[in-house]
Amino acid sequence: MVQQADQFKKVISHAKEYGFVFPSSEIYDGLSAVYDYGQNGAALKKNIREYWWKAMVQLHENIVGIDAAIFMHPTTWKASGHVDAFNDPLIDNKVSKKRYRADVLVEDYVAKIEAKIEKEVAKAAKRFGAAFDEAQFKTTNPRVVGYQEKAASILKRLGKSLEKEDLADVKALIEELEISCPESGSRDWTEVKQFNLMFGTKLGASAESAMDLYLRPETAQGIFVNFLNVQKTGRMKLPFGIAQTGKAFRNEIVARQFIFRMREFEQMEMQFFIPPGTQKEWYEQWKEKRLKWHLALGMGEDNYRFHDHEKLAHYADAAADIEFRFPFGFKELEGIHSRTDFDLVSHEKFTGKKLQYFDPERNENYVPYVVETSIGLDRMFLALLSNALTEETLDDATQRTVLKLPPALAPTKVAVLPLVKKDGLPELARTIVDDLKWDLETAYDEKDAVGRRYRRQDALGTPYCITVDHQSLEDQTVTLRERDSMQQERIAMDHLKKLIVDKVSLTSLLQKL
Ligand code: GAP
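Per the working numbering, numbering through the sequence shown is continuous, rising by one, with the last residue being 503.
Here it is in structure tokens:
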């Protein structure tokens, strides 16, 4: 991973320069927190989606996939609780007229205290050298202990006020901490108000008859409303899961950090329907299974951690995040939620229809409980990209930028490069492309010196390059160069496909699960 302080900026500019992610409608100066995926980004995203889909649906006999519509009957969102409870607390600064998330203002204040702690730790580590014991220092140094206590008490009060919906106290906290507007420096704030994150739209031809709709803020509800359809038509027996990938929309106010928090994003969600009373066991199983899915990618165990929720969403009786070490610190990548029977019971109430399952073993009807796994595809993309971007100084003191993506997810698996653009080498290289392209995402490149072409493929994350040279014409062998080690070996053309497929196929990744 790029170690410099500006590594995140490097990730963003690399994503743009190499056709992974562009600002949306950039020629019109873009649209805040909305992004387009370019030619390599779309391919990487497709591969991540496929890895998730195959791991969930193909490898589990009792999980099936669906593709529900983005538009749903508006009452869905009343039943799910999103109309009433899917809110962010907002506050406006009267001088700058800028709008902020009140909780984020307080959290940013706490982040500054945490930065002070880190500074003290770094100073002490330097002073004490190898003998430094960070844990002991943090529990005994009076200044650091003071900072920690202050941070904890602020977060506790914020948590309590938000839970009780005591927005006046959130404002009082902002005032007591003397938090000022980052833009104007003013401390003249409005009251804190709840702001619903759903985007509204209309269905219908005339203003009078149009129906107010929402763009779905999560894909999960498309699964809940289809629970009986799938259970009956698929003759599914509990426990079973329904998986889905698709777009979700949230009017995020603090939309920043590139594709980490977007207004239009893609989720990969799975609802696992289980008998009531078994939720704890399934929740633990799914936490473990999902972490395994991440670890199989080889991005380093140290870069993941679980964060168990203390403040639970309105639908959950247990919840945890899998957090990933992004360039800006550990943040939520995936959520695992024990959602009880909240959603199905609520849809029963609003529709008057039974959403129950007859359990032949228990000989009774009941509303199943649900354990959900929910991961943002764009966030997963950012985790992969930021972890993969590496700058290396080579033995000859030159630099190379290489995207060390897991080979199975790389947009292009192999690039075929004729050493020169003559003597029949391009023609032979083309025959290799024509052979490989059925099984592997294959690129052909004949422009520039071969060293520059290697660098270009390194920056795109292509795990293998095949170079066709004059010897190839004579003995039907080529050189195969591996991205990370840069090792080259001479291989018979006949062996290429099997050798590369074995190393880069999704199957090899899935077999680790
Ligand atoms: N159905 C449950 C649900 O939607 P969530 O924690 O709100 O739970 C699940 O979202 C995942 O979706 C998150 O862990 C994150 O990866 C992704 N996600 C949520 N909001 C996002 C946003 N504004 N931009 C990008 N990804 C987002």
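Note that the Cβ used here is the ideal one computed from N, Cα and C, for glycine as well.
For Thr363: DSSP bridge partner residues:
For this step, residue 363 is matched to residue 373 along the sequence shown. Met260, Ile326.
When you compare only the Cα positions, how much space is there between Glu464 and Glu479?
Numbered from its first residue, the sequence shown carries residue 464 at position 474. Numbered from its first residue, the sequence shown carries residue 479 at position 489. When rounded, the distance between both Cα atoms is 17 angstroms.
Let me make sure I understand the geometry here. Which of Thr330, Phe316, Leu393 has the alpha-carbon closest to that of Leu302?
Taking the first residue of the sequence shown as position 1, residue 302 is located at position 312. The residue with the shortest Cα to Cα distance from Leu302 is Thr330.
So, under 8 angstroms CB-CB, Gly31 and Phe61 are touching, yes? Tell me the CB distance rounded to an integer number of Å.
As a working mapping, residue 31 is identified with position 41 in the sequence shown. As a working mapping, residue 61 is identified with position 71 in the sequence shown. Incorrect: roughly 26 angstroms between the Cβ atoms, too far for contact.
Using a Cβ-Cβ cutoff of less than 8 angstroms, which residues in the same chain neighbour Gln(-3) once the five nearest sequence positions on both sides are dropped?
By one-based count along the sequence shown, residue -3 stands at place 7. Cβ neighbours of Gln(-3) beyond the five flanking positions: Met(-9), Pro317, Ser376, Leu379.
Per-residue burial, Ala(-5) [other beta carbons within 10 Å of its own, 16 or more giving buried]
As a working note, residue -5 is residue 5 in the sequence shown. Bear in mind that a pLDDT of 49 at Ala(-5), under 50, signals an unreliable position, so the model cannot answer this.
Residues sharing a beta bridge with Lys179, DSSP
Sequence index remark: in the sequence shown, residue 179 carries index 189 (1-based). Per the sequence presented here, residue 179 reads as Trp, with Lys not at that position. Looking at the DSSP assignment, Trp179 forms a beta bridge with Asn83.
What I want to know is whether the C-beta of Phe296 ends up closer than 7 angstroms to one or more non-hydrogen atoms of the ligand GAP.
By one-based count along the sequence shown, residue 296 stands at place 306. Incorrect: Phe296 has no Cβ contact closer than 7 angstroms to the ligand GAP.
For His284 and Gly325, I'd like the C-alpha separation in whole angstroms.
In the sequence shown, residue 284 corresponds to position 294, counting from 1. In the sequence shown, residue 325 corresponds to position 335, counting from 1. For His284 and Gly325, the distance between alpha carbons rounds to 13 angstroms.
Would you call Thr383 buried or exposed, if buried means 16 or more other Cβ atoms sit within 10 Å of its Cβ?
Translated into positions along the sequence shown, residue 383 becomes position 393. The residue is exposed, with fewer than 16 neighbouring Cβ atoms inside 10 Å.
Mapping DSSP to helix, strand and coil, what is Leu203?
Taking the sequence shown and counting its residues from 1, one reaches residue 203 at position 213. Leu203: strand per DSSP, three-state reduction.
Given Leu496, which residues of its chain have a CB within under 7 angstroms of its CB, disregarding the five upstream and five downstream residues?
Along the sequence shown, read from residue 1 onward, the residue named residue 496 stands at position 506. Result list for Leu496: Glu40, Tyr41, Lys44, Ala398, in chain order.
Near Gly149, what residues of its chain come up, given a Cβ to Cβ distance below 8 angstroms and the 5 sequence neighbours on each side ignored?
Here residue 149 refers to the residue found at position 159 of the sequence shown. Cβ within range, chain order: Glu300, Lys301.
Of the residues Ile81, Lys237, Cys455, which one's Cα is nearest the Cα of Ile422?
Position 432 of the sequence shown holds residue 422. It is Cys455.
Among all the DSSP beta bridges, which residues are the ones paired with Pro13?
What you label residue 13 is simply residue 23 of the sequence shown in a count that begins at 1. Paired residue(s): Tyr25.
Just to confirm before moving on: does the CB-CB distance between Asp178 and Val85 stay below 8 angstroms?
Locating residue 178 in the sequence shown gives position 188, where the first residue counts as 1. Locating residue 85 in the sequence shown gives position 95, where the first residue counts as 1. Yes, they are a contact pair.
Residue environment, Leu287, which counts as buried when at least 16 other CB atoms sit within 10 Å:
For the purposes of this step, residue 287 is identified with residue 297 of the sequence shown, where counting begins at 1. That one is buried.
Spatial neighbours of Leu372 in its chain, beta-carbon cut-off 8 angstroms, leaving aside the 5 residues before and after
By one-based count along the sequence shown, residue 372 stands at place 382. Excluding sequence neighbours, Leu372 sits near Val1, Phe248, Ile249, Phe250, Phe316.
Coil, strand or helix - Ala(-5) by DSSP:
Working through the sequence shown from its first residue, we reach residue -5 at position 5. Note that Ala(-5) scores 49 on pLDDT, short of 50, meaning its location in the model is unreliable; the coordinates nonetheless yield the value given after this. Ala(-5): coil per DSSP, three-state reduction.
Please list the terminal residues of the continuous alpha helix (DSSP H) segment that includes Ile312.
Position 322 of the sequence shown, counted from the first residue, corresponds to residue 312. Careful: Ile312 lies outside any alpha helix (DSSP H), inside the beta strand (DSSP E) at 308 to 316.
Distance cut-off 7 angstroms: Ser364 Cβ against heavy atoms of the ligand GAP:
Residue numbering aside, residue 364 sits at position 374 when the sequence shown is read from its first letter. Flag set: Cβ of Ser364 near the ligand GAP.
If you drop the 5 nearest sequence neighbours on each side, which residues of the same chain put their C-beta closer than 7 angstroms to that of Pro13?
Here residue 13 corresponds to residue number 23 of the sequence shown, with the count starting at 1. Closer than 7 angstroms at Cβ, skipping near neighbours: Gly20, Tyr25.
Over the uninterrupted alpha helix (DSSP H) stretch that includes His284, give me the two end residues.
Here residue 284 refers to the residue found at position 294 of the sequence shown. Per DSSP, His284 belongs to the alpha helix (DSSP H) from 269 to 285.
Does the segment 66 to 77 come close enough to the segment 90 to 104 that 3 or more CB-CB pairs lie under 8 angstroms?
no
For the ligand ZN, is there a heavy atom less than 7 angstroms away from the beta-carbon of Ala373?
This structure simply doesn't include the ligand ZN; it includes the ligand GAP instead.
Three-way DSSP call (helix, strand, coil) for Ala238 in this model:
In the sequence shown, the residue the question calls residue 238 occupies position 248. Of the three classes helix, strand and coil, the one that applies to Ala238 here is strand, per DSSP.
May I ask you to report which of helix, strand or coil DSSP gives Thr591?
Because the chain is modelled from -9 through 503, residue 591 falls outside the range shown and cannot be assessed.
Compute the Euclidean distance between the alpha carbons of Lys192 and His63, then round it to the nearest angstrom.
Translated into the one-based positions of the sequence shown, residue 192 becomes position 202. Translated into the one-based positions of the sequence shown, residue 63 becomes position 73. When rounded, the distance between both Cα atoms is 12 angstroms.
Between the segment 219 to 239 and the segment 100 to 117, can you find at least three pairs of beta-carbon atoms closer than 8 angstroms?
no
Label Met260 either buried or exposed according to how many other C-beta atoms from any shown protein chain fall within 10 Å of its C-beta, with 16 as the threshold for buried.
Counted from its first residue, the sequence shown places residue 260 at position 270. Counting C-beta atoms within 10 angstroms of its own C-beta, Met260 has 16 or more neighbours from the protein chains shown and is therefore classed as buried.
Using a Cβ-Cβ cut-off of 8 angstroms (strictly less than) and excluding sequence neighbours within five positions of Lys487, which residues of its own chain qualify?
What you label residue 487 is simply residue 497 of the sequence shown in a count that begins at 1. Answer for Lys487: Asp425, Leu426, Asp429, Leu430, listed in chain order.
In angstroms with no decimal places, state the Cα-to-Cα distance between Glu381 and Lys394.
Within the sequence shown, the letter at position 391 stands for residue 381. Within the sequence shown, the letter at position 404 stands for residue 394. Near 10 angstroms, if we compare the C-alpha coordinates of Lys394 and Glu381.
Taking 7 angstroms as the cut-off, does the CB of Asp368 come closer than this to any heavy atom belonging to the ligand GAP?
As a first step, residue 368 must be located in the sequence shown, where it is residue number 378. It does: the Cβ of Asp368 is within 7 angstroms (strictly closer) of some heavy atom of the ligand GAP.
I'd like to confirm something about Gly325: is its beta-carbon nearer than 7 angstroms to some heavy atom of the ligand GAP, or not?
Locating residue 325 in the sequence shown gives position 335, counting from the first residue. Result yes, Cβ under 7 angstroms from the ligand GAP.
Beta carbon of Lys140 nearer than 8 angstroms to that of Ile169:
Your numbering for residue 140 matches position 150 in the sequence shown. Your numbering for residue 169 matches position 179 in the sequence shown. Cβ atoms of Lys140 and Ile169: not closer than 8 angstroms.
Going by beta carbon distance, what residues of the same chain come within less than 8 angstroms of Ser176, once the five residues before and after it are set aside?
If you number the sequence shown from 1, residue 176 lands on position 186. So the qualifying residues of the chain are Asn83, Lys84, Val85, Ser86, Ser170.
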